Amino acid sequence: MVRHFIISPTFFSAPPSRPLVTNAYRHFLFVCLIILFSASVHAEENETKQTANTSNASNLETTQPNIPFIAPLDGTRNVVSGGVTYFANWLDNFFGDERIYEESQNSYLKLDLLEINEEGFQPRFEANLQGKLTLPNTQERLKILLESDPGDGTNSDDTIVEAVENQEQSLGLRYIQYTSDFVRANTDIGVRFKSGVDTFARFRLRGLFYTGQWQLRAAETLFWRDSIGYGSTTKLDVERRYATRYLFRSSSKTTWLDESRQFDMSQNLFLIHTNNIHKAIIYQAGLTAVSKPKLETTGYIVSIRLRQKIHKDWLFFEINPKVLYPQAENFHSRHSLTFKLEVIFGKA
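Going from the sequence shown to the numbering used here is simple: count from 1 and add 8.
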C-alpha cells in the first residue's frame with residue numbers, strides 16, 4: 009500500500025487529553041451527520057428559491073473581465089487544459105482508478121477477481137466488490153456506497169497478500185454538497201465490516217488547478233473511525249500530457265492518525281502509455297515513509313501494470329508484476345505477480 013508526501017494541516021500539533029479526544033471524535037461524527045442530512049432536508053427549499061431567482065438573474069447582463077491583448081491566448085489555454093483533463097480522466101477510467109470513482113456521478117458496480125502470487129506465500133485467489141448507486145429524486149447528490157478497503161490508515165509494511173487479507177468491506181451513504189469542474193465536496197458516513205462493525209465518517213474536498221501545461225489536483229479528507237479515531241489524508245496529483253500517448257503523474261500523499269500521532273507518507277511517479285484505446289501500461293516507481301520514531305523511508309516499490317480491454321467496455325484483464333523493497337527486510341527485494349479479471353456493471 010502506497011502513501012504520498014505532502015504536509016498535512018498543522019492544527020494537530022498539541023495532543024489533547026484522552027477525554028477531550030473522545031469528545032472531539034463524537035463531535036466530529038455529529039457534525040458530519042448534521043452536514044449530511046440538513047443539506048438534504050433543505051434541498052427542496054433551496055431549489056424553490058433558486059427557481060424564483062433564475063428569472064431575475066436572466067435579465068441581468070453577465071460579463072467576464074477581458075484584457076484584449078490576452079484574449080487570443082484563450083483558445084490555446086482551453087485546448088491545453090481540456091486535453092490534459094480529458095486524457096487523464098480517460099486513463100483513470102480505463103484503469104479503474106479509485107480517483108475516477110470518487111469523481112463519477114454515475115451508478116456502477118465493479119467486480120475484481122484476483123490471483124496473487126508472492127514470494128514466501130501460496131498463490132491466493134480473491135474477489136472484491138465495489139459500487140455506487142445514485143438514489144432517485146436527489147439531483148444525483150445522495151448515493152449508496154459499497155467499497156472494498158477505502159484505505160484510511162493501512163500499514164505500509166504489509167505484503168501484497170497481507171494487504172489483501174486486511175481488506176475490509178464497507179457500506180455507506182454519500183452526500184455531495186457541491187460539485188463542479190474545479191471544486192467538489194462530499195460527506196460520507198457508514199460502517200466497515202471485518203472482524204466486527206466499525207463505524208466511520210469522512211469529509212472530502214477536492215480542487216483542480218492549471219498552470220501552463222500542468223494540471224494540479226489537490227484533495228483533503230478528514231475522517232473518523234471508531235477503531236482508530238480521527239485523522240486526515242492530504243493528496244496532490246501533478247500531471248502533464250506528453251505527445252499523444254503519454255501522461256506523467258506525480259502523486260504525493262500523507263495520512264495523519266491522531267491515535268499514533270504520526271504521519272504515513274509516500275511519493276509515487278507514474279508514466280502511463282496508451283498503445284491504443286484497448287491497451288495501456290502504467291510504469292510506477294515510489295517510496296513510503298513515516299515520521300516516527302524518526303523521519304525515515306520504510307520501503308520502495310517498482311511496478312508495471314498491463315491492462316487490456318477484452319470485451320467491449322465492461323471486461324478487462326490485467327497483469328501486474330511488482331517488486332517491493334521493505335525496510336523490515338533490510339530493503340531486500342520481494343517479488344509478486346497479480347492477475348486480475350475485472351467486470352464492470354454500469355458506467356463509471
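Where a beta carbon is used, it is the ideal one built from N, C-alpha and C, also for glycine.
Remember, it's a predicted structure, so these values are computed and weren't measured experimentally.
Report the partner residues of residue i according to the DSSP bridge assignment.
i: E110; result: DSSP lists no partner for E110.
i: I352; result: K118
i: N284; result: K287
i: G128; result: Note: G128 sits in no beta bridge, so no partner.
i: A227; result: R214 and K243
i: E155; result: S178
i: T252; result: In DSSP, T252 forms no bridge with anything.
i: R233; result: F208 and G237
i: R257; result: E247 and F278
i: D266; result: Partner(s): none; D266 has no beta bridge.
i: S344; result: E126 and K330
i: A292; result: Ala is not the amino acid found at residue 292; the sequence shown has Gln there. Answer is F278 and S311, bridged to Q292.
i: E134; result: L122
How far does the beta strand (DSSP E) with residue i in it reach, from first residue to last?
i: G307; result: E304 to H319
i: L143; result: L143 -> no beta strand (DSSP E), and no H or E assigned at all.
i: N194; result: V191 to F201
i: P301; result: Segment: none, P301 is in no beta strand (DSSP E) and carries neither H nor E.
i: N338; result: Counting along the chain, N338 falls outside any beta strand (DSSP E), and DSSP gives it neither H nor E.
i: E326; result: L323 to P334
How would you call residue i, buried or exposed, if buried means at least 16 neighbouring beta carbons within 10 angstroms?
i: A293; result: exposed
i: Y254; result: exposed
i: Y250; result: exposed
i: S178; result: buried
i: R210; result: buried
i: H50; result: Reliability of the predicted coordinates at H50 is poor, the pLDDT of 46 falling under 50, and the value obtained from them is presented with this limitation in mind. Exposed, by the Cβ-count rule.
i: I290; result: buried
i: F190; result: exposed
i: T146; result: exposed
i: A65; result: For A65, the pLDDT reaches just 41, beneath the cut-off of 50, and the residue's location in the model is therefore unreliable, although a value from the coordinates is still provided. Flag for A65 reads exposed.
i: K411; result: Nothing about residue 411 can be reported from this structure: the residues present for the chain run from 9 to 356 only.
i: S311; result: buried
i: F6; result: Nothing can be reported for residue 6: it is not among the residues displayed for the chain, which extend from 9 to 356.
i: R269; result: exposed
i: N284; result: exposed
i: E350; result: buried
i: R85; result: Because R85 sits at a pLDDT of 44, beneath the cut-off of 50, its placement in the model cannot be relied upon, and the point is left open.
What residues in its chain sit with their C-beta under 7 Å from that of residue i, if we drop five residues either side in the sequence?
i: V87; result: Residue confidence is low: V87 scores 45 on pLDDT, short of 50, so the model does not pin down where it sits. No coordinate-derived value is stated.
i: S156; result: N136, L137, Q138, Q175 and Q177
i: L230; result: R210, F211 and S240
i: H281; result: R253, Y254, A288 and I289
i: G215; result: F190, V191 and A226
i: L279; result: Y254, F256 and Y291
i: L143; result: L150, K151 and I152
Using only the alpha-carbon positions, how far apart do residue i and residue j sit?
i: E326; j: T296; result: 24 Å
i: S235; j: W264; result: 15 Å
i: S112; j: K355; result: 9 Å
i: D120; j: T346; result: 12 Å
i: E304; j: Y186; result: 38 Å
i: E127; j: Y218; result: 43 Å
i: M273; j: F208; result: 22 Å
i: R315; j: K348; result: 9 Å
i: S299; j: F271; result: 5 Å
i: Q221; j: R248; result: 6 Å
i: E123; j: H343; result: 14 Å
i: N194; j: Y183; result: 6 Å
i: A47; j: Q335; result: Only weak support exists for where A47 lies, its pLDDT of 45 falling under 50; the value from the coordinates is given anyway. About 46 Å.
i: R200; j: Y238; result: 15 Å
i: L244; j: L224; result: 7 Å
i: D266; j: Q275; result: 22 Å
i: E337; j: T306; result: 10 Å
i: F129; j: S203; result: 23 Å
Considering only residues of the same chain and omitting the five flanking positions on each side of residue i, which have a CB-CB separation below 8 Å?
i: L181; result: L44, L150, K151, I152, L153, D196, I197 and G198
i: Y116; result: Y109, G139, K140, I352, F353, G354, K355 and A356
i: S341; result: V331, L332 and Y333
i: E148; result: Q113, T142 and I184
i: D206; result: E176, V199, R200, R233, D234 and S235
Beta-carbon within less than 6 Å of residue i's beta-carbon, same chain only, minus the 5 sequence neighbours each way: which residues are those?
i: S258; result: V246 and L277
i: F339; result: Y333
i: I352; result: K118 and W322
i: Y308; result: L295 and Y333
i: E228; result: L213 and T242
i: N125; result: P131 and L345
i: H319; result: none
i: N328; result: R313 and T346
i: K317; result: H286 and F324
Should residue i be flagged as near chain D, meaning a C-beta pair shorter than 8 Å?
i: Y333; result: Looking at the structure shown, chain D is missing, and only one protein chain is on hand.
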